[in-house]
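A.B. asks:
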Ligand SMILES: Cc1cc2nc3c(=O)[nH]c(=O)nc-3n(C[C@H](O)[C@H](O)[C@H](O)COP(=O)(O)OP(=O)(O)OC[C@H]3O[C@@H](n4cnc5c(N)ncnc54)[C@H](O)[C@@H]3O)c2cc1C
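Numbering (full-length UniProt numbering), first residue to last: 1 to 234.
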C-alpha cells in the first residue's frame, strides 16, 4: 500500500467501481484517485468574526479571542466578556516555556475552560485555582480501536528554542500486544509521551513529566518492559 498525503482538499464523492471493485474518490479539486483506505484529518479554527475586535482583541497568530490566565478577554470589558473553548487563544497560559501544557482545540479543553471561566465569573476562582487543568497537556482518544494517550509536549511543541542535541526520544513497539510507546526528554527530563494500546504507563509518565525527575541514567532502558518504573518513582 502506498501512502499519499493530500492537503486542502475535501472528498466530494466516494464510490466503488462496479467493474474493478476498487474504491474511487472524487476530490474537491476535480481529480479522482483510487484508494485502499482514507485517513482524514480536519483542523479547527476560531469563528468569532461577529464579535467587535476592540471589545475583544484577537490573537495575530490564529485569530482567536485573546484571554488572560482567567479566560477574561484582554480588551476594555475583560471583567464581563470571557472567551473559552475553540473561540479563545490562551497565550497567557501557553506561553510559559516551563509548562508542558499547550492549547489544542479539543472537547476536553473546551469543557475545562468553560467550567473555569464560569467559576471566575461568579468569583469562586482566581488564576491559581484550577490551574492544574493547565499544568500538563493530556488527551485520550482511540485510533483503529486502540487507546491513544498523548501527554505533555509529546510532539516537541514549544521546544523550538531548545538545541536539538538536548532533546532525546526513545520508542518501543510490540506487535505481540499491539503497543507503542514514545517518550521525549529534554536534558534527561521527560517532557512528553505517546502511548498506544494498553501500556498502563500513563500515570507513571504523567508523574514523571510533572515531577521533572532526571532520567538520564536510564538511557533507552527507560522503556524496557522489564523495568518497573513505578517502583522507582511512585
Ligand atoms: C471534524 C472534527 C473532529 C473533531 N474531533 C475531535 C476529537 O476527536 N476529540 C476532541 O477532543 N475534539 C475534537 N474536535 C474539536 C472539538 O469539536 C472542539 O474543540 C470543541 O467542540 C470546541 O467546543 P466549543 O464549545 O468551544 O465550540 P463548538 O463545539 O464549536 O460550539 C460552539 C457553538 O456555538 C454556536 N455558535 C456559533 N456562532 C454563534 C452565534 N453567533 N450565536 C449563537 N451561537 C453560535 C455553534 O453553532 C456551536 O453550537 C473535532 C473538531 C472537528 C471539526
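In this text, a Cβ means the ideal position worked out from N, Cα and C, and glycines have one as well.
Is any heavy atom in ligand 1 found nearer than 7 Å to the beta carbon of residue 196?
C.D. replies: In the chain shown, counting from the first residue as 1, residue 196 sits at position 196. Checking every heavy atom of ligand 1 against the Cβ of residue 196, none is found closer than 7 Å.
A.B. asks: Is there at least one non-hydrogen atom of ligand 1 closer than 7 Å to the beta-carbon of residue 217?
C.D. replies: As a first step, residue 217 is located in the chain shown; it is residue number 217 there, counting from the start. Not under cutoff, so the answer is no.
A.B. asks: Considering only their Cβ atoms, is the gap separating residue 186 from residue 202 smaller than 8 Å?
C.D. replies: Counting from one through the chain shown, the residue named residue 202 turns up at place 202. Counting from one through the chain shown, the residue named residue 186 turns up at place 186. No. Outside cutoff.
A.B. asks: Name the residue from 184, 190 and 148 whose alpha carbon lies nearest to the alpha carbon of residue 178.
C.D. replies: Start at 1 with the first residue of the chain shown, and residue 178 comes out as number 178. For residue 178, the nearest C-alpha among the options comes from 148.
A.B. asks: So who's on the other strand from residue 95, going by DSSP bridges?
C.D. replies: The residue labelled residue 95 in the question sits at position 95 within the chain shown. In the DSSP output, where bridge partners are listed per residue, residue 95 has none listed.
A.B. asks: Quick one: measure Cβ to Cβ for residue 218 and residue 157, integer angstroms, because I've assumed they're closer than 8 Å.
C.D. replies: For this step, residue 218 is matched to residue 218 along the chain shown. For this step, residue 157 is matched to residue 157 along the chain shown. About 24 Å; that fails the 8 Å criterion.
A.B. asks: Taking 7 Å as the cut-off, is the C-beta of residue 42 nearer than that to any heavy atom in ligand 1?
C.D. replies: On the chain shown, position 42 is the one that residue 42 refers to. Because some heavy atom of ligand 1 lies under 7 Å away, the Cβ of residue 42 counts as near it: yes.
A.B. asks: Going by the DSSP bridge assignment, what does residue 171 pair with across the sheet?
C.D. replies: Residue numbering aside, residue 171 sits at position 171 when the chain shown is read from its first letter. In the DSSP output, where bridge partners are listed per residue, residue 171 has 182.
A.B. asks: CA-CA distance, residue 182 and residue 56?
C.D. replies: As a first step, residue 182 is located in the chain shown; it is residue number 182 there, counting from the start. As a first step, residue 56 is located in the chain shown; it is residue number 56 there, counting from the start. For residue 182 and residue 56, the distance between alpha carbons rounds to 40 Å.
A.B. asks: Which of the three DSSP states, helix, strand or coil, is assigned to residue 226?
C.D. replies: The sequence position of residue 226 within the chain shown is 226, counting from 1. Coil.
A.B. asks: I want to know whether the stretch 72-84 touches the stretch 131-144 - three or more CB-CB distances under 8 Å.
C.D. replies: Output reads no: the stretch 131-144 does not touch the stretch 72-84.
A.B. asks: Kindly provide the ranges of any beta strand (DSSP E) runs that are 3 or more residues long and lie completely inside the stretch 19-86, ordered along the chain.
C.D. replies: Within the stretch 19-86, the complete beta strand (DSSP E) runs of at least 3 residues are 23-27 and 32-35.
A.B. asks: Between which two residues does the beta strand (DSSP E) containing residue 146 stretch?
C.D. replies: For the purposes of this step, residue 146 is identified with residue 146 of the chain shown, where counting begins at 1. Taken as a continuous stretch (DSSP letters only), the beta strand (DSSP E) holding residue 146 covers 146-152.
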